[in-house]
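The structure under discussion appears below in the form of structure tokens.
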Amino acid sequence: MRNALALALAAALLILPAPSAAQQRKNPAEPPRADTSQPPPAKLTLDDAIRMALDHNHALLAARSTILQNQAQEITANLRPNPTLSWDTQFFPLFQPSQFSLDYLDNQAQFDIGIGYLFERGKKRQHRLQAARDATSVTRAQVSDSERTLVFNVASQFISALLAESTLELAQQDYDSFQNTVQISESRLKAGDISQGDLLKIKLQLLQFQTDVLNAKVAKVQALAGLRQLLGFESVPDNYEVSGELVYRPVKENLDGLKALALQNRPDLKAAHLGVTAAQSQAALAVANGKRDLSASFNYTHTAGVNSGAFFFNIDLPIFDRNQGEIARTRYAVTQAEELQTETAQQVLTDVTDAYANLHTNDEVVQLYQSGYVDMATESRDISRYSYERGVASLLDYLDAERTYRASQLAYRQALANYMTALEQMREAVGTRNLP
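At position 274 of the sequence shown (counting the first as 1) the number is 310 in the numbering used here, and the numbers step up by one without a gap.
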């Protein structure tokens, strides 16, 4: 009779409405909930985050300024030499000022004025301009590679924020659910179905759920702060949330196709190709600098009442200095750039191989969870809870099923986050977000 009364009481408690939020907050052990009086947070999708990072990330903006610096160097490289103006006067009667007169200046003194210009040989200006343009192209490709890295970091941090939010949601759900179990257990204690020791064990277990909620809140705040740093701190409001889900989207492209795609799109490989071109331009400039320039000038002279003109030419004789050292250095630099290009190409293939293996492994892990393990853990937890609340299952069985469910849910969410991160790593390795 006593057991029948307890079962009836437990069934009645199951159909009672859950306590309101105000009633739950009366419990001093409950973690504080968000203040609903605040305005709703701004929602930020992954595409929004990437766009904001490309527009406002200060490290990237600093890197982009190097392109403008190189373009300014192109202006300098294309400048022609300035002409030179010279003048002098001779035979002034500085120590015989009494002889100083306009007639003396016209008939005795000498005045010279001349203009000169340096004629660059070997097309030095054209080679300087080409070398500067090639250097700008390398810098532009390097900045694109910085953008690629930034996009990966933003996507990874965004996924971490999604995981933190999902973990917080799970922890809050588990806490709310277990609170209901505590209330039912208190009713069973009053009915004499469980001992005071079992109730204490259940209440002590509630501490773990409270700790999970608090830790999840901290993890979410940290993830959002890290993401905000990448996006440009001042460009994101204090009250913002990420919008998205931990989802599984398989990639169909094979490894060879991804390698070919990476060789076409990776900006660091393009920078290495352009580095060879830039090194060759520097070598051509070194050869041009070995050509000796011609200085030419014209002088007008007024001497003793006679006006005359004279042409002067000056050129170095390339007997000793023919810029041999710089020519040799730049040729070795071309070899260095070619080796770096080969090394970069091999690194690209290695990155794709590593990313593909990581993605494939995480794909298999997610499929394992989706094949039934998550559903089985949920079903086991529900059965154990139902049985315990009706006095059929033991407390230890129920608590073990609850721990297994929580661990499987956390592991599944982590597996989804790992897969999404591996997918972003593959996109970074290939150099494009548009994977087949």
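By construction, the Cβ of each residue, glycine as well, lies at the ideal position given by its N, Cα and C atoms. A quick note: this is a predicted structure, and the numbers were derived from the prediction, not measured.
Task: Contact belief for A197 with L267 at Cβ below 8 angstroms, rounded distance in angstroms - done: That pair is no contact at about 11 angstroms.
TODO: List the endpoints of the continuous beta strand (DSSP E) containing F347.
DONE: V342 to I351
- [ ] Buried or exposed for T120, please, with buried defined as at least 16 other CB atoms from any protein chain shown within 10 angstroms of its CB.
- [x] It counts as exposed.
Task: For L198, the first and last residue of its enclosing alpha helix (DSSP H) - done: K160 to A227
Task: Whole-angstrom distance between D170 and P303, CA atom to CA atom - done: 15 angstroms
Task: Cβ contact check for the region 177-195 and the region 90-107: 3 or more pairs under 8 angstroms - done: yes
Task: Nearest neighbour of Y392, chosen from P129, S192, R116 and D292 [CA to CA] - done: Of all alpha-carbon atoms in P129, S192, R116 and D292, the one lying nearest the alpha-carbon of Y392 is that of D292.
Task: Test item: CB-CB of R161 and N114 under 8 angstroms - done: yes
Open item on the list: I need the straight-line Cα distance from A458 to L165, nearest angstrom please.
Closed with: 43 angstroms
Task: Any beta strand (DSSP E) of 3 or more consecutive residues that is wholly inside the region 348-400 - done: none
Task: Proximity to L104 [Cα-Cα], best of F127, D142, I355 and T175 - done: Nearest of F127, D142, I355 and T175 to L104, Cα basis: T175.
Task: Beta bridge counterpart(s) of I103 as assigned by DSSP - done: In DSSP, I103 forms no bridge with anything.
Task: Where S420 falls, given that 16 or more other Cβ within 10 Å makes a residue buried - done: buried
TODO: Pull up the CB-CB distance for D248 and A200, whole angstroms please, since I reckon it's below 8 angstroms.
DONE: In fact, because the Cβ distance is near 12 angstroms, the residues do not count as touching under 8 angstroms.
Open item on the list: Measuring straight from C-alpha to C-alpha, what distance separates L471 and V287?
Closed with: 7 angstroms
Open item on the list: Determine, for D436, whether the minimum Cβ-Cβ distance to residues of chain D falls below 8 angstroms.
Closed with: Here there is only one protein chain, and chain D is not present.
- [ ] Determine, using beta-carbon pairs with one atom in the region 347-355 and one in the region 324-333, whether at least three such pairs fall under 8 angstroms.
- [x] yes
TODO: Locate the beta strand (DSSP E) running through K79, then write down its first and last residues.
DONE: A78 to L80
Task: Coarse secondary structure for V283, derived from DSSP in three states - done: coil
Open item on the list: Can you give me the C-alpha to C-alpha distance between Q209 and S192, rounded to a whole angstrom?
Closed with: 26 angstroms
TODO: Return the residue from the list N398, E379, Q382 and V323 that minimises the CA-CA distance to G361.
DONE: Of all alpha-carbon atoms in N398, E379, Q382 and V323, the one lying nearest the alpha-carbon of G361 is that of V323.
- [ ] Can you grab the Cα-Cα spacing for the pair P64 / Q246, in whole Å?
- [x] Confidence in P64 is poor, its pLDDT being 42 and thus under 50, which makes the residue's placement too unreliable to answer from.
Open item on the list: Please tell me whether, using a cut-off of 7 angstroms, the distance from the CB of N470 to the nearest non-hydrogen atom of the ligand ADP is below it.
Closed with: This structure simply doesn't include the ligand ADP, nor any ligand for that matter.
Open item on the list: Going by C-alpha to C-alpha distance, which of T102, N398 and T378 sits closest to L305?
Closed with: T378
Open item on the list: Quick test of your reading: Y276 and A78, contact by CB under 8 angstroms. State the CB separation rounded to the nearest angstrom.
Closed with: The C-beta distance from Y276 to A78 rounds to 4 angstroms, short enough to meet the 8 angstroms contact threshold.
Open item on the list: Between L299, A227, R417 and S317, which has its C-alpha nearest A168's C-alpha?
Closed with: S317
Task: Sufficient close CB pairs (3 or more, under 8 angstroms) joining the region 431-450 to the region 237-246 - done: yes
Task: C-alpha gap between A478 and G262, whole angstroms - done: In this structure the chain extends from 37 to 472, so residue 478 is not present and cannot be described.
- [ ] For E110, name the three-state secondary structure that DSSP assigns.
- [x] helix
Task: Alpha carbon of I86 to alpha carbon of Q461, nearest angstrom - done: Q461 has its alpha-carbon roughly 15 angstroms from the corresponding atom of I86.
TODO: In angstroms with no decimal places, state the Cα-to-Cα distance between Q109 and L299.
DONE: 30 angstroms
Open item on the list: Going by C-alpha to C-alpha distance, which of S173, R116 and S134 sits closest to E156?
Closed with: R116
TODO: Would you mind sorting V388 into buried or exposed? The rule is 16 or more other CB atoms within 10 Å of its CB.
DONE: buried
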